[in-house]
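J.: Protein chains in written order, with my numbering: chain A, 1 to 407; chain B, 408 to 814.
All C-beta atoms, glycine included, are put in the ideal place defined by N, C-alpha and C.
Since the structure is predicted, the reported quantities are computational estimates derived from the model, not experimental observations.
Protein chains: 2
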Amino acid sequence: MPIVVQKYGGTSVGDVGRIKRVADRIARTRQAGNDVVVVVSAMGDTTDDLVHMAEQIDPQPSGREFDMLLTAGERISMALVAMALQQLGVDAKSFTGSQAGILTDSVHGKARILDITPGRIIDSLAAGAVVIVAGFQGVSPDTKDVTTLGRGGSDTTAVALAAALHAEVCEIYTDVDGVFTADPRIVPHARKLDVVSTEEMLELAAQGAGVLQVRAVEFGRNFGVEIHVRSSFSHAPGTRVIPQEPDMEAAIISGVAHDTSEAKLTILGVPDKPGMAARVFTDLADANVNIDMIVQNTPAEGDVTDISFTVPRGEAALAQSTLESLASEIGARSVTLDVDVAKVSLVGAGMRTHPGVAARMFAALSDAGINIEMISTSTIRISVVVARSDAEAAVLAIHDAFELGES
Amino acid sequence: MPIVVQKYGGTSVGDVGRIKRVADRIARTRQAGNDVVVVVSAMGDTTDDLVHMAEQIDPQPSGREFDMLLTAGERISMALVAMALQQLGVDAKSFTGSQAGILTDSVHGKARILDITPGRIIDSLAAGAVVIVAGFQGVSPDTKDVTTLGRGGSDTTAVALAAALHAEVCEIYTDVDGVFTADPRIVPHARKLDVVSTEEMLELAAQGAGVLQVRAVEFGRNFGVEIHVRSSFSHAPGTRVIPQEPDMEAAIISGVAHDTSEAKLTILGVPDKPGMAARVFTDLADANVNIDMIVQNTPAEGDVTDISFTVPRGEAALAQSTLESLASEIGARSVTLDVDVAKVSLVGAGMRTHPGVAARMFAALSDAGINIEMISTSTIRISVVVARSDAEAAVLAIHDAFELGES
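(1) Run through the DSSP bridge pairs and tell me what residue 716/B is partnered with.
(2) Please list, in chain order, the chain B residues whose beta carbon lies closer than 7 Å to that of residue 131/A.
(3) Per the contact definition of three or more C-beta pairs closer than 8 Å, is the segment 336-346 of chain A in contact with the segment 257-268 of chain A?
(4) Is there contact here, the segment 712-729 of chain B with the segment 765-778 of chain B, by at least three beta-carbon pairs under 8 Å?
(5) Is the CB of residue 381/A under 9 Å away from at least one CB in chain B?
(6) Reducing DSSP to helix, strand and coil, say where residue 192/A ends up.
(7) Looking at the ligand ADP, does it come within less than 8 Å of residue 415/B, judged from the CB to the closest heavy atom?
(8) Is there a Cβ from chain B that is less than 9 Å from the Cβ of residue 339/A?
(9) Against chain A, which members of the segment 416-448 of chain B pass a CB distance test of less than 8 Å?
(10) Give a yes or no on whether the C-beta atoms belonging to residue 634/B and residue 647/B are separated by under 9 Å.
(11) Which bits of chain A does residue 469/B rub up against, with CB to CB less than 8 Å?
(12) Taking C-alpha atoms, which residue in 74/A, 106/A, 108/A and 111/A lies nearest to residue 94/A?
(13) I'd like to know if the segment 89-105 of chain A and the segment 122-140 of chain A are in contact, where contact means that at least 3 CB-CB pairs between them fall below 8 Å.
(14) So residue 752/B and residue 663/B are in contact, right, with Cβ under 8 Å, and what is the actual spacing, rounded?
(15) Can you find a C-beta in chain B that's less than 9 Å from the C-beta of residue 410/A?
(16) From this set, 809/B, 649/B and 517/B, which residue's C-alpha is nearest residue 601/B's C-alpha?
(17) Measuring alpha carbon to alpha carbon, tell me which of 566/B, 533/B, 578/B and 518/B ends up nearest residue 558/B.
(18) Cβ of residue 391/A within 9 Å of Cβ of residue 342/A?
(19) Return yes when the Cβ of residue 143/A is within less than 9 Å of the Cβ of residue 213/A, no when it is not.
(20) Within the 9 Å Cβ cut-off, does residue 547/B reach chain A?
(21) How would you write the range of the beta strand (DSSP E) that residue 357/A sits in, first residue to last?
(22) Less than 9 Å between the beta carbons of residue 60/A and residue 173/A, yes or no?
(23) Measure the Cβ-Cβ separation of residue 163/A and residue 225/A and say whether it is below 9 Å.
(24) Mapping DSSP to helix, strand and coil, what is residue 343/A?
(25) DSSP on residue 756/B, reduced to helix/strand/coil?
(26) Give the residues of chain B in contact with residue 58/A, contact being defined as C-beta atoms less than 8 Å apart.
(27) Reducing DSSP to helix, strand and coil, say where residue 498/B ends up.
(28) Report yes if the C-beta distance between residue 639/B and residue 471/B is below 9 Å; otherwise report no.
(29) When you compare only the Cα positions, how much space is there between residue 493/B and residue 506/B?
(30) Would you verify that the beta carbon of residue 626/B is, or is not, closer than 9 Å to some beta carbon of chain A?
(31) For a cutoff of 9 Å on Cβ pairs, would you count residue 457/B as touching chain A?
(32) Counting Cβ pairs, one atom from each stretch, are 3 or more of them under 8 Å apart for the segment 124-135 of chain A and the segment 177-189 of chain A?
(33) For residue 246/A, does the three-state DSSP call read helix, strand or coil?
(34) In the segment 516-530 of chain B, which residues sit with their C-beta less than 9 Å from some C-beta in chain A, listed in chain order?
(35) Kindly list, in the order they appear in chain B, the residues whose Cβ is closer than 9 Å to that of residue 154/A.
(36) Among 377/A, 236/A, 340/A and 131/A, which one has its Cα closest to the Cα of residue 34/A?
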């Protein structure tokens with residue numbers, strides 16, 4: 001029987017009524033002749049509530065205990081979804097990340113999946129049950145401790161399970177209809193994409209399109225999993241993320257993503273000699289800071305240079321203190337931090353073969369009176385950092401300049 | 408280093424402020440030179456909230472999924488208690504029942520502990536940490552599924568761990584000062600007992616003194632664990648439950664217990680021939696109904712008899728339907744169910760050697776105009792079933808007849 005993996009986010013299982021609707025959808029998928037594995041997040045605000053209690057006790061709780069706390073959330077939702085299926089007469093069994101064989105490293109709060117040993121899942125499917133798996137969590141075989149995969153980890157759980165089980169498709173259910181050319185809250189005439197290549201989705205996700213986590217897309221690409229992003233509130237088809245690139249007739253640009261969750265750091269007056277950048281980013285890696293965009297200019301004059309980069313805002317303070325101790329050691333001048341920034345990205349596989357895309361994007365920003373603070377590009381993406389207050393105007397200006405909306 | 412096991416109930420860890428106070432008490436015990444193992448229940452109303460959600464989905468959810476759901480409760484409280492200790496500079500590590508090696512049978516909702524393999528606890532104590540263990544839960548080695556021990560199971564977890572770890576004492580923290588001669592809410596002049604024998608505590612617990620679970624007392628008796636029942640809101644000594652009987656000078660009576668959580672069932676007109684009672688209680692046992700008090704009279708005349716017994720009210724419907732299918736099969740006349748009953752018990756090791764205790768108890772009830780529906784006795788206990796509306800008056804009358812209160 002073909003295996004379908006479905007992932008339901010916190011909004012989709014936000015209350016008892018929604019859990020019953022999710023169970024109904026799962027039951028239909030099962031009755032259509034599929035083996036079904038369901039990955040669930042914690043209900044609605046559960047995770048936020050748990051985080052809030054922890055913060056009242058210790059603003060920086062131990063990673064081990066924090067993961068132990070947060071994993072209670074999916075335990076609740078998965079048991080309730082299993083009960084709702086049983087109530088519909090569908091055999092169902094829930095498993096924690098540990099029981100489902102999601103083996104990770106031991107970096108609490110952002111563990112990486114090392115392997116999946118889905119023996120209990122396979123046995124339960126063979127016995128005719130729908131399997132419900134807690135998203136976002138796993139277990140470290142080294143420490144035997146429970147771990148979490150970090151924000152959006154349930155997407156990763158779902159795609160990784162789909163890969164391990166050779167599933168036909170991994171359906172990611174969310175509260176929007178699919179992947180759009182821009183955030184519809186900012187660009188009301190944004191258009192839903194019926195299909196997007198894995199490469200483009202990777203860039204869109206990495207640049208802040210919140211509909212799918214970048215690690216999940218990476219897993220999908222590496223293991224050839226077909227991902228289908230769709231709404232849990234309708235039966236309309238969503239966006240298929242497919243390994244192949246769209247054919248030559250496809251649009252040049254797939255969409256505009258934006259991300260206001262990062263902060264920008266600059267280390268000024270770094271001596272321009274070999275090994276300096278390596279030194280900076282080795283120290284940051286040792287402190288477990290996730291670096292996103294990095295820009296270093298060739299020094300215009302003299303023998304010093306500036307290095308700028310962006311990090312998740314929650315890690316900005318740690319990055320700053322790490323850099324400050326380093327700065328005096330390597331003779332850099334100072335470290336600056338700007339938390340009021342936004343990153344706006346234009347993504348499209350077609351831009352490889354179409355020159356002039358960057359020029360058109362920068363002109364659109366200039367016409368809108370928006371100053372560009374940093375620029376970084378890949379073969380299929382151009383990202384700029386702008387002031388946070390300019391973010392929405394920038395998205396709109398770029399979206400319209402490339403005529404991405406509904407005609 | 409001596410090992411102290413402490414158990415904190417749901418009220419003691421009811422909110423963040425209380426968790427911090429509990430952590431403070433644990434830290435003091437640690438600083439006094441003890442290895443400390445802490446067993447926690449779920450916070451305040453958490454379990455009730457989870458039960459309520461499950462009931463909205465399925466009034467009779469699968470035991471496996473219901474246990475999966477409920478065990479989320481202790482996971483939250485144990486992680487928060489560990490964090491609060493770390494915040495005080497005390498090394499602490501929390502473990503689920505499964506991680507702590509609490510091995511049970513696979514009867515969901517009322518699993519029995521089969522063995523404890525506390526390897527991770529011992530290692531963590533040796534490494535200098537305070538260990539926090541989730542009460543009420545374990546894992547079945549047969550099915551690898553998570554189980555719960557049933558109501559009050561955290562007491563059992565604590566005493567069983569104290570036995571497995573050869574702890575010096577098992578402190579059960581609660582919201583009252585110890586074990587009283589009667590429920591102080593009903594008898595305001597009830598007296599706190601400084602010491603009570605295990606035998607007496609067993610009877611008091613079995614007869615409804617809610618301060619300690621009977622299975623925990625049994626464990627304590629079987630493995631020679633000293634239990635100390637005390638308040639988490641004061642530092643006053645509570646009640647020590649000791650294996651030895653009090654000396655000959657001790658009081659005849661230790662207290663009056665009452666229990667309004669049961670229902671009474673009677674199967675009428677059972678043919679009076681060998682094997683009938685066995686048949687009745689075998690069927691009930693197969694249906695997993697917990698029987699408490701059983702009364703069968705010698706038939707006054709004819710060849711039929713009536714059998715009455717009490718069960719937890721939540722199991723009354725199941726017991727009734729089980730009996731009804733049996734009744735026609737064995738030729739019994741009918742089955743009656745009365746949910747408006749209370750059981751009132753007088754307990755005291757001294758009554759073994761003091762005749763006339765029962766007579767004095769029945770006279771007190773008679774003087775108060777209270778009708779006795781069932782009587783059952785052991786060597787150190789006399790229990791009566793009365794109408795629920797008579798329960799408080801019965802407790803007061805008996806307590807006063809034996810002059811158990813403060814003088």
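T.: Taking the definition as stated:
(1) 672/B and 701/B
(2) Chain B residues near residue 131/A: none, gap ~12 Å exceeds 7 Å.
(3) yes
(4) no
(5) no
(6) strand
(7) The ligand ADP is not among the ligands present in this structure, which contains no ligands whatsoever.
(8) no
(9) 423, 426 and 427
(10) yes
(11) 82, 83 and 86
(12) 74/A
(13) yes
(14) 7 Å
(15) The question about residue 410/A has no answer here: the residues shown for chain A are numbered 1 through 407.
(16) 649/B
(17) 518/B
(18) yes
(19) no
(20) no
(21) Counting along the chain, residue 357/A falls outside any beta strand (DSSP E), though it belongs to the alpha helix (DSSP H) covering 357-367.
(22) no
(23) yes
(24) strand
(25) helix
(26) 490, 491, 493 and 494
(27) coil
(28) no
(29) 20 Å
(30) no
(31) yes
(32) no
(33) At residue 246/A, the pLDDT of 47 sits below 50, so the modelled position is not reliable and the matter cannot be decided from this model.
(34) 527
(35) Within chain B, no residue comes near residue 154/A; the closest Cβ sits about 17 Å away, beyond 9 Å.
(36) 131/A
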